[in-house]
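Peer 1: For the sequence shown, my numbering begins at 333 and goes up steadily by one. Using N, Cα and C, we set each Cβ at its ideal position, and we do this for glycine too.
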Amino acid sequence: MIHDASTLPLSGRLKADLCVVGSGPGGAPVATLAAEAGMSVVVLEAGAFIRPGQSSQREEEMLPRLMWYGGNQTSTDRRLRILQGHGLGGSSLHNINLCKRVPDSILKHWQQQRGMQHLPPQAWHALYQEVEALLEVSAVPEAAWNAHNRMLARGSAALGWKHEGLSHNRTGCVGSGFCELGCSYDAKNNALKVFVPRMVAAGATVLVQAQATRVLHEGGRVRGVEALALDPLTRQPLGRIEIEAPRVCLAASATGTPALLLRSKVPDPSGQTGRSLRIHPSVIVAGDFEERIEAWKGIPQTVECTEHLDLREGAADRTWIVPVFGHPVGVATLIPGHGEAHQALMERLPHLGALTAMLHEESAGRVKPSGELGWSIRYTLTPQDQAELARGLERCARLLLAAGARRVLVPGDRALSLEAGQDPAVLAERPVRVEEVDVSAVHPMASVPMGDDPATAAVGSDGRHHHLAGLWLSDGSILPGSIGVPPQLSIYALGMHVGRRLLDGT
Ligand SMILES: Cc1cc2nc3c(=O)[nH]c(=O)nc-3n(C[C@H](O)[C@H](O)[C@H](O)COP(=O)(O)OP(=O)(O)OC[C@H]3O[C@@H](n4cnc5c(N)ncnc54)[C@H](O)[C@@H]3O)c2cc1C
Ligand code: SF4
């Protein structure tokens, strides 16, 4: 059953064989497999249960319900915006449905560096196949590419740059274009649609508006989880809940999981917990076209440009280019200027087509707990990554101009504008500084990287914590490093893998 903890009696104690914290692509498969194997399972989810029919397609209503800090989470210096979702289903509720596998070059590199005895490349291949079938992943047909994505294909073709269509996990999509506000048509094959009904049918107890604050442990063993029921509007604590469980699986995301581990003082002699956070920092360039692009219409992000993405270790080209769109509030926060100048640009909205260059980064951030419920994120770009992001700006500008844009705009305090005919090379002359150019990220990962050696990793390649018996991790935090492509498929795969290893180890 699914219960809203904010409406339950003020203090409570539950008992279970397993407590799973977080219900996104990492946690939902673990809870489902364990419940179907006959375990009593309690799932704690900090966000709300939002049914597809409750997605109103309005930014001011949906962003606070779907996103941590209403979509305004930043790094501690307030320069970098890092988007993460909350709600039953995690970030899979509002993500754009792109599904990509991690290439073999990265899987082999992990094997060499981290051991990965439980997850060699062939095990990943089998997991990807399984998860792609479960999520009904398929290529978006060319006939369904909207004008925005066709613009990217046109510009890439004009430059002779490598580009291709993307695969998504959607069934019954009507192309409404509101994916990032939650799907009203239940067309996303996400954790809420694919896994939650199965775990509930198998008897799992799901508590929403219930945020874990600590993993309870003594004598080197887990004994449960302490959580707070939260008011859905104010996020203020309403009551305390304790889950007594001999097994705990943390799946609270690459920020939530290390924050919980550190707040709970879970031992980690490797010192890796919360370090080495990757986020895929991204920059945006908008093109102003004569024709109407109407980027908000149709399926978003169906075409990619991979001309400058080389995922081999040590490669110089590390940017991936896809269209990025926004509804009016999102666009208004990015568009430079104030007053009439801002209004004039907003009036061009139907003609704007933006691209983002996402970086397969070397930089690493740090996550620490903040108070009882929060976390802080420190993240500084290395000079190499700043230079590569600047090249990303130049590449996006070239592509937009090749596709017919009459001018391009780079949002940020150092808002830049280039007219057709000007050389975009100027954009790569200065490295990207977050205090000058808008940089954002939607893919936190690798903050508790798995590895088989307890001296250099807190968690093994089976998801088992090396230093606390009964504790498991299953979310983006355990990816061993940046993957350079959207992570959800890999995190669902990890969820299936960790769920099975947890059952083996029971
Ligand atoms: C705008 C946007 C678009 C994206 N688009 C794509 C895409 O197209 N393709 C793709 O592959 N990836 C995409 N992603 C990324 C992808 O959605 C995430 O990488 C993925 O959902 C992460 O899975 P996870 O299980 O690690 O964490 P999450 O999905 O973040 O789930 C963690 C859950 O744990 C909950 N939680 C956290 N702390 C606690 C706590 N203490 N107690 C209880 N619950 C807690 C959170 O509320 C959340 O629901 C996108 C992300 C964003 C923000
Ligand atoms: S585009 Fe498709 S998946 Fe996205 S919100 Fe609309 S119907 Fe749902």
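Hey, which unbroken runs of the beta strand (DSSP E) at 3 residues or more fall wholly within the segment 508-577?
Peer 2: For the segment 508-577, whole beta strand (DSSP E) runs of length 3 or above, ordered along the chain, are 537-540, 542-550, 553-562 and 569-576.
Peer 1: Which residue's Cα is closest to the Cα of Glu761: Leu430, Leu725 and Pro781?
Peer 2: Counting from one through the sequence shown, the residue named residue 761 turns up at place 429. It is Leu725 whose Cα lies nearest to the Cα of Glu761.
Peer 1: Run the proximity test for Asp807: is its beta-carbon closer than 7 Å to any non-hydrogen atom belonging to ligand 1?
Peer 2: In the sequence shown, residue 807 corresponds to position 475, counting from 1. Answer for Asp807: yes, Cβ within range of ligand 1.
Peer 1: Taking a cut-off of 6 Å, which residues have a beta-carbon closer than that to any heavy atom of ligand 2, in chain order?
Peer 2: Taken from the N-terminal end onward, the list reads Arg502, Cys505, Val506, Gly507, Ser508, Gly509, Phe510, Cys511, Cys515, Tyr517, Ala519, Lys520 and Ile631.
Peer 1: So what does DSSP say about Asp770, is it helix, strand or coil?
Peer 2: Here residue 770 refers to the residue found at position 438 when the sequence shown is read from its first residue. Here Asp770 sits in coil by DSSP.
Peer 1: So what does DSSP say about Leu350, is it helix, strand or coil?
Peer 2: Taking the first residue of the sequence shown as 1, we reach residue 350 at position 18. Correct three-state label for Leu350: strand.
Peer 1: For the segment 448-464 against the segment 824-832, do three or more pairs of beta-carbon atoms, one drawn from each stretch, fall closer than 8 Å, so that the two count as touching?
Peer 2: Contact between the segment 448-464 and the segment 824-832 is present, because at least three Cβ pairs lie under 8 Å.
Peer 1: Indicate the three-state DSSP secondary structure (helix, strand or coil) for Val830 in the structure shown.
Peer 2: As a first step, residue 830 must be located in the sequence shown, where it is residue number 498. It is helical.
Peer 1: So what's Thr714 in DSSP terms, helix, strand or just coil?
Peer 2: If you number the sequence shown from 1, residue 714 lands on position 382. In this structure, Thr714 counts as coil in the three-state DSSP scheme.
Peer 1: Closer than 7 Å: is that where the CB of Gln405 sits relative to any heavy atom of ligand 1?
Peer 2: Indexing the sequence shown from 1 puts residue 405 at position 73. No, the beta carbon of Gln405 sits no closer than 7 Å to any heavy atom of ligand 1.
Peer 1: Would the C-beta of Asn478 count as close to ligand 1, meaning under 7 Å from any of its heavy atoms?
Peer 2: Residue numbering aside, residue 478 sits at position 146 when the sequence shown is read from its first letter. Incorrect: Asn478 has no Cβ contact closer than 7 Å to ligand 1.
Peer 1: Starting from the Cα of Arg698, find the closest Cα among Ala591, Gly504 and Gly344 and give me that residue.
Peer 2: Along the sequence shown, read from residue 1 onward, the residue named residue 698 stands at position 366. The shortest C-alpha separation from Arg698 is found at Ala591.
Peer 1: Between the C-alpha atoms of Arg644 and Leu811, what's the straight-line distance to the nearest angstrom?
Peer 2: Counted from its first residue, the sequence shown places residue 644 at position 312. Counted from its first residue, the sequence shown places residue 811 at position 479. Taking the straight line from one Cα to the other gives about 17 Å.
Peer 1: Judging by CA-CA distance, which residue of Ile815, Ala787, Val817 and Arg833 is the nearest neighbour of Ser602?
Peer 2: Walking along the sequence shown from the start, residue 602 turns up at place 270. Among Ile815, Ala787, Val817 and Arg833, the Cα nearest to that of Ser602 belongs to Ala787.
Peer 1: Around the Cβ of Gly358, are there at least 16 other Cβ atoms within 10 angstroms (buried) or fewer (exposed)?
Peer 2: Working through the sequence shown from its first residue, we reach residue 358 at position 26. Flag for Gly358 reads buried.
Peer 1: I think Leu821 touches Val472, with their Cβ atoms under 8 Å apart; what is that distance to the nearest whole Å?
Peer 2: For the purposes of this step, residue 821 is taken as residue 489 along the sequence shown, with counting starting at 1. For the purposes of this step, residue 472 is taken as residue 140 along the sequence shown, with counting starting at 1. No, Leu821 and Val472 are not in contact; Cβ-Cβ is about 15 Å, not under 8 Å.
Peer 1: Give me the Cβ distance between Ile334 and Val540, rounded to the nearest whole Å; I'm assuming they're in contact under 8 Å.
Peer 2: Translated into positions along the sequence shown, residue 334 becomes position 2. Translated into positions along the sequence shown, residue 540 becomes position 208. Ile334 to Val540, Cβ: 7 Å. Contact.
Peer 1: Does the Cβ of Glu377 lie closer than 7 Å to at least one heavy atom of ligand 1?
Peer 2: The residue given as residue 377 occupies position 45 in the sequence shown. Correct: Glu377 has its Cβ closer than 7 Å to ligand 1.
Peer 1: Among Val554, His480, Ile611 and Arg433, which one has its Cα closest to the Cα of Ser779?
Peer 2: Looking up residue 779 in the sequence shown gives position 447. Comparing Cα-Cα distances from Ser779 to each of Val554, His480, Ile611 and Arg433, the minimum goes to Ile611.
Peer 1: Going by C-alpha distance, which of Val742, Leu513 and Trp477 is nearest Ser614?
Peer 2: Counting from 1 along the sequence shown, the entry for residue 614 is found at position 282. Ranking the options by Cα distance to Ser614, first place goes to Val742.
Peer 1: Counting only beta-carbon atoms, is Arg579 nearer than 8 Å to chain D?
Peer 2: As a matter of chain content, chain D is missing from the structure shown, which is built from one protein chain.
Peer 1: From Thr712, Gln543, Ser388 and Gly658, pick the residue whose C-alpha is nearest to that of Asp409; which is it?
Peer 2: Within the sequence shown, numbered from 1, the residue matching residue 409 stands at position 77. For Asp409, the nearest C-alpha among the options comes from Thr712.
Peer 1: Looking only at its chain, what residues have a beta carbon closer than 6 Å to the beta carbon of Ile774, apart from the 5 residues adjacent to it on each side?
Peer 2: As a first step, residue 774 is located in the sequence shown; it is residue number 442 there, counting from the start. According to the sequence displayed, residue 774 carries Val and not Ile. Counting only Cβ-Cβ distances below 6 Å, and skipping sequence neighbours, we find Leu415.
Peer 1: Count the C-beta pairs between the segment 532-548 and the segment 557-571 that are closer than 8 Å, then say yes if the count reaches three, no if not.
Peer 2: Touching, yes.
Peer 1: From which residue to which residue does the alpha helix (DSSP H) around Ala479 run?
Peer 2: Counting from 1 along the sequence shown, the entry for residue 479 is found at position 147. That run of the alpha helix (DSSP H) goes Ala479 to Leu491.
Peer 1: Within 10 Å of its beta-carbon, does Glu767 have 16 or more other beta-carbons around it, so buried, or fewer, so exposed?
Peer 2: Taking the sequence shown and counting its residues from 1, one reaches residue 767 at position 435. Label assigned to Glu767: exposed.
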